[in-house]
């Protein structure tokens, strides 16, 4: 499942941009591949991150996977609900399963991202 | 940890082949998304259909079926079959009665474990040998090398018997592949589609008869720790039909994920993890010394493994940790910490309900049942490495554990 209006990376992260804040998460394809998540390592608020820089780690019983930031900026908020309920990502990866919010410092970086149509095409090619 | 010896070692270079679908591949595509299918031992196999935890629970509470058609099945036959197997395998094959099965190891002359296998005796001079999918090419090459005098028998003259691949469709009507049915409802499920009296089959015995019209070997063996479970060996042309029939009468299809979490929970070893592998773990360290009969006159690798039996100081143990959501899972090669010092490593781990079970390899005098042990998580990401998290740990290193669990019994039945 791909949601319209979001930006996507080739590493299966999404970003929803509202003003200069981007909400970040992993895509449905990513959570399907990982299976049931049991642990999420969240970024500290205030952390500065480059585009494609490491922002979180998601782990299922079978695999650990890095999450890379779709945008460059500074973390303003992390979804602390995921600390005890990582399965929210499996249940609602584009909604309640968001990972963190980032204040975008470099809007040009958005140009490197895919839109939903491009990401859908990308998934077909995998 | 035993040092890999070159002398008498059987060296095998596997051919690089693209993965192929198992006999049941089309059935898997009907039951799950292609993204849940992955390569394993050269086969495209399902990781899960619904979810690992649901399938795990299905086997513990009801009954699950597993595609094990990728497992190797070899026939060893003729008047010298028993003699050949008794030289090649560590357990006492001469004591194996017709209709019974026996757990065994194949060692090379250097004492390295080439595979763990189950030998089924079908008659006085006919055996079925079930080997790990990942090791099948190696085992076939090894047996062939022994037949041709190309592998070390430590200077002994051993009996030689013909070996036939039972999964090869050229094998004819008695060609066989493995489908496992495991869990407490297995007997009821089988009774719905067979007149065979499977209820009375004891553990590690089997019978030959029809299920849903197909000739089968029905064995009370398995790899899930279920007290009740079967492996059904059927002709590949009947495999998909039997698979569908078993699902129709209540069996729940389970993928490789649950297969692994069930065997870890039960404490059963996986070749390459709890046996052989990077730590070169011997059967004695794995907790299976009983399957290596040192009182047997001869088997290949006996002299080498006798030394290991006297000198080993590491063992495989089972550790219980919290498996609640939000607890970071432990992983292979994470450090086992006793009193602030690294005493070994995690070999395999799995989530089972609200607990995590880890199979670990650690100094044997530090892992008595009931002891508390800690785990040091290795770095999982670049930023953890940057923060000073280690990528590997050595025995004897001083480390602070990040999660604590306790040693529980080596095995568990469900």
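Residue numbers (the numbering used here), protein chains in the order written: chain A, 1189 to 1314; chain B, 2 to 415.
Backbone N, C-alpha and C fix where the C-beta goes; we use that ideal spot for every residue, glycine too.
Note the first and the last residue of the continuous beta strand (DSSP E) segment covering residue i.
i, result
"residue 183(B)", "178–183"
"residue 352(B)", "342–353"
"residue 240(B)", "Residue 240(B) -> not in any beta strand (DSSP E); alpha helix (DSSP H) instead, spanning 237–249."
"residue 47(B)", "44–47"
"residue 373(B)", "373–377"
"residue 124(B)", "114–124"
"residue 142(B)", "From DSSP, residue 142(B) is part of no beta strand (DSSP E) but of the alpha helix (DSSP H) over 137–148."
"residue 323(B)", "315–323"
"residue 68(B)", "65–69"
"residue 1289(A)", "1288–1292"
"residue 361(B)", "356–364"
"residue 75(B)", "73–78"
"residue 105(B)", "102–108"
"residue 337(B)", "336–339"
"residue 1248(A)", "1242–1248"
"residue 39(B)", "38–41"
Restricting to Cα atoms, I'd like to know which of the options is closest to residue i.
i, options, result
"residue 306(B)", "85(B), 13(B), 19(B) and 114(B)", "114(B)"
"residue 1289(A)", "1190(A), 1255(A), 1195(A) and 1211(A)", "1211(A)"
"residue 1202(A)", "1303(A), 1272(A), 1312(A) and 1248(A)", "1303(A)"
"residue 207(B)", "97(B), 52(B), 81(B) and 35(B)", "97(B)"
"residue 204(B)", "195(B), 183(B) and 216(B)", "183(B)"
"residue 392(B)", "399(B), 382(B) and 401(B)", "382(B)"
"residue 1296(A)", "1189(A), 1208(A) and 1218(A)", "1208(A)"
"residue 1199(A)", "1206(A), 1193(A) and 1221(A)", "1221(A)"
"residue 161(B)", "136(B), 349(B), 80(B) and 137(B)", "80(B)"
"residue 1245(A)", "1259(A), 1265(A) and 1270(A)", "1270(A)"
"residue 1272(A)", "1230(A), 1214(A) and 1215(A)", "1230(A)"
"residue 1223(A)", "23(B), 53(B) and 25(B)", "53(B)"
"residue 410(B)", "254(B), 361(B) and 328(B)", "361(B)"
"residue 326(B)", "1235(A), 1225(A) and 1254(A)", "1225(A)"
"residue 431(B)", "340(B), 87(B) and 399(B)", "Nothing can be reported for residue 431(B), as the shown portion of chain B is limited to 2 through 415."
"residue 1237(A)", "1294(A), 1311(A) and 1299(A)", "1294(A)"
"residue 126(B)", "112(B), 94(B) and 105(B)", "94(B)"
"residue 232(B)", "284(B), 179(B) and 254(B)", "179(B)"
"residue 34(B)", "51(B), 248(B), 215(B) and 271(B)", "51(B)"
"residue 348(B)", "400(B), 264(B) and 230(B)", "264(B)"
"residue 68(B)", "17(B), 367(B) and 235(B)", "235(B)"
"residue 1174(A)", "404(B), 89(B) and 380(B)", "Absent from the model: residue 1174(A). The displayed extent of chain A is 1189 to 1314, so no value can be given."
Which residue comes first and which comes last in the alpha helix (DSSP H) that contains residue i?
i, result
"residue 28(B)", "26–32"
"residue 192(B)", "187–192"
"residue 285(B)", "284–287"
"residue 207(B)", "Note, residue 207(B): premise wrong, no alpha helix (DSSP H); beta strand (DSSP E) at 207–212."
"residue 85(B)", "82–89"
"residue 1216(A)", "1216–1222"
"residue 1272(A)", "1269–1272"
"residue 1305(A)", "1304–1312"
"residue 261(B)", "257–267"
"residue 216(B)", "Not the alpha helix (DSSP H): residue 216(B) falls in the beta strand (DSSP E), residues 215–220."
"residue 305(B)", "303–312"
In chain A, which residues lie with their C-beta within 7 Å of the C-beta of residue i?
i, result
"residue 49(B)", "1223"
"residue 384(B)", "1242"
If residue i and residue j are in contact, beta carbons under 8 Å, what's the gap, nearest whole angstrom?
i, j, result
"residue 15(B)", "residue 1227(A)", "With 8 Å as the limit, residue 15(B) and residue 1227(A) do not qualify as a contact, their Cβ atoms being about 35 Å apart."
"residue 194(B)", "residue 246(B)", "5 Å"
"residue 190(B)", "residue 64(B)", "5 Å"
"residue 131(B)", "residue 73(B)", "7 Å"
"residue 335(B)", "residue 376(B)", "5 Å"
Along chain B, in chain order, which residues have C-beta atoms closer than 7 Å to that of residue i?
i, result
"residue 1245(A)", "381 and 382"
"residue 1312(A)", "Residues of chain B passing the Cβ test: none, with the nearest at roughly 12 Å."
Which bits of chain B does residue i rub up against, with CB to CB less than 9 Å?
i, result
"residue 1220(A)", "34, 36 and 37"
"residue 1254(A)", "381, 382, 383 and 384"
"residue 1192(A)", "Correct list: empty, because the minimum Cβ distance to chain B is about 22 Å."
Find the residues of chain A that neighbour residue i, judging by a C-beta separation of less than 9 Å, and give them in chain order.
i, result
"residue 330(B)", "1226, 1227, 1247, 1248, 1249, 1250 and 1252"
What residues from the stretch 1258–1278 of chain A come within 7 Å of chain B, judged by C-beta to C-beta, listed N to C? Per Cβ criterion, the list reads 1271, 1272, 1273, 1274 and 1275.
Short-range partners of chain A found in the stretch 309–338 of chain B, where Cβ spacing is below 9 Å: Residues 324, 325, 326, 327, 328, 329, 330 and 332.
Closer than 8 Å, Cβ to Cβ, to anything on chain D: give me those residues from the stretch 42–76 of chain B, in chain order. Structure shown: chain D not included; protein chains present are A and B.
Listed from N- to C-terminal order along the chain, which residues in the stretch 255–268 of chain B have their beta-carbon within a distance smaller than 9 Å of any beta-carbon of chain A? 258, 261 and 262
Of the residues that make up the stretch 348–360 of chain B, which ones have a beta carbon closer than 7 Å to any beta carbon in chain A? 351 and 352
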